[in-house]
Each structure stands twice: as C-alpha cells, then as structure tokens.
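J.: Starting off with a structure, shown below.
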C-alpha cells in the first residue's frame with residue numbers, strides 16, 4: 001500500500017516526465033496511446049535504420065495504427081519516396097531540420113497517416129564535421145497538418161549507442177506530443 005501511494009505521488013509530482021512504472025516501456029506507452037486515440041502513424045528513418053519502427057512494432061496490436069515504415073538512407077530515396085526537395089538537400093543537407101520536416105510530412109502523405117515521424121542524423125563514427133558533428137540528429141513530426149522538428153546532440157558512445165538513444169528520444173518526444181494533442185496520458 002505504501003509503495004502504491006509513493007508511486008502515485010511520484011507520478012503526480014513529476015507529471016509527464018514519468019511514462020511508466022516497473023516494466024513499462026516507452027513503446028508500450030506510445031503504442032497504447034496511438035491505439036486509444038485511433039491516430040495512425042508511419043515512419044521514415046535514415047541513421048536509425050529501422051530501429052524506431054522495430055520498437056513501435058514490439059507493441060501487440062500496433063498494426064491497427066502503424067501503417068508503414070521506410071528507411072531512406074540516400075538523398076535519392078529521400079527525394080523519390082518522401083518528396084524531399086532537391087533544393088532542401090542542397091541548401092541544408094540531409095542532416096537538417098528542414099529535411100527532417102519534409103521527411104515527416106512526406107511519409108505521412110505517402111502512407112495516408114495522421115502522424116509521420118522521421119529521423120535523420122550522423123551516427124558515426126565518421127561523417128561528422130565541426131558544423132555537423134557525430135551525434136547530431138534531427139527528428140521530424142507531422143501531426144494532422146502540423147510539422148515540428150527537434151534537434152538532438154547525442155554525445156559519447158559508439159554508433160549503436162547514438163542510434164539507440166535517438167530512438168528513445170524520438171519515442172519520448174512522440175509520447176509528449178500525443179499528450180499535448182489528445183489531452184490524455
């Protein structure tokens with residue numbers, strides 16, 4: 001009983017910063033939120049290479065709302081599959097807020113979903129520059145006509161660490177945006 005009271009108190013105190021207790025995973029929370037809301041989702045990934053899609057499909061029943069995921073590693077595939085503008089790629093590069101936004105909107109429109117989520121970044125160990133270092137990642141979120149982006153700077157760790165941290169951050173950002181959009185936890 002005391003543990004339950006402490007758990008509820010912690011959740012009330014920390015609010016949206018707590019997504020679950022004990023064995024609850026982010027994909028469990030996000031999967032349930034998506035199914036409960038009826039919002040459909042698709043994903044477009046570059047540096048995470050399908051890890052985000054893999055985490056989402058861990059949730060039983062997600063097929064009712066998760067419609068499609070693509071890996072668009074090359075600029076050509078970003079243009080062809082997601083309708084990312086060539087001018088955007090030339091002016092801002094594949095790893096940019098603008099590209100992430102166009103990727104998110106592009107996958108949502110191509111798949112006919114309410115939500116499109118994208119990931120583009122530099123997972124390393126090479127490919128980084130002073131301006132765009134290894135660990136720089138942009139997330140894109142298209143939600144019912146609204147497009148947002150988020151910049152991540154993941155420091156330390158190897159390629160796999162950067163990819164895994166990116167997916168955790170993407171799922172948590174999606175969770176928070178769903179709370180804001182639906183008004184429900």
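Numbering (UniProt numbering), first residue to last: 1 to 185. The beta-carbon is built from N, C-alpha and C at its ideal position, and this holds for glycine as well.
1) Are residue 139 and residue 108 closer than 8 Å when you measure CB to CB?
2) Between which two residues does the alpha helix (DSSP H) holding residue 39 run?
3) Cutting at 6 Å between CB atoms, please list the residues of its own chain near residue 36, excluding the five before and the five after it.
4) If I'm right that residue 66 touches residue 56 with Cβ under 8 Å, what's the distance once you round it to whole angstroms?
5) Taking its Cβ as the centre, do 16 or more other Cβ atoms sit within 10 Å of residue 105, making it buried, or is it exposed?
6) Relative to the alpha-carbon of residue 145, which residue among 113, 80 and 161 has its alpha-carbon at the smallest distance?
7) Kindly list the residues whose CB is nearer than 7 Å to the CB of residue 181, restricted to its own chain and excluding five residues on each side of it in sequence; keep chain order.
8) Where does residue 184 fall in DSSP's three states?
9) Can you give, in chain order, each stretch of the alpha helix (DSSP H) that sits fully within the UniProt domain "CinA C-terminal" (24–177) and has at least 4 residues?
10) Determine the contact status of residue 119 and residue 95, defining contact as a CB-CB distance below 8 Å.
11) If I measure Cβ to Cβ from residue 89 and keep anything under 8 Å in the same chain, skipping five residues before and after, which residues do I get?
12) My guess is that residue 42 and residue 68 are in contact by the Cβ rule of under 8 Å, so how many angstroms apart are they, rounded?
T.: Let's see:
1) Contact check for residue 139 against residue 108 fails: the beta carbons are separated by 8 Å or more.
2) That residue, residue 39, is in no alpha helix (DSSP H); it is neither H nor E in DSSP.
3) Excluding positions up to five away in sequence, the list is empty.
4) Their Cβ separation, rounded to whole angstroms, is 5 Å, which keeps residue 66 and residue 56 in contact under 8 Å.
5) It counts as buried.
6) Nearest C-alpha to residue 145: 113.
7) Once the five neighbours on either side are set aside, the close Cβ partners of residue 181 are 143.
8) DSSP places residue 184 in coil when its eight states are reduced to three.
9) The UniProt domain "CinA C-terminal" (24–177) contains, as complete alpha helix (DSSP H) runs of 4+ residues, the segments 26–37, 51–56, 75–82, 86–92 and 97–111 (chain order).
10) Taking a C-beta distance under 8 Å as the contact criterion, residue 119 and residue 95 do not qualify as a contact pair.
11) Result list for residue 89: 75, 78, 79 and 99, in chain order.
12) Beta-carbon to beta-carbon, residue 42 and residue 68 are separated by about 4 Å, close enough to satisfy the 8 Å threshold.
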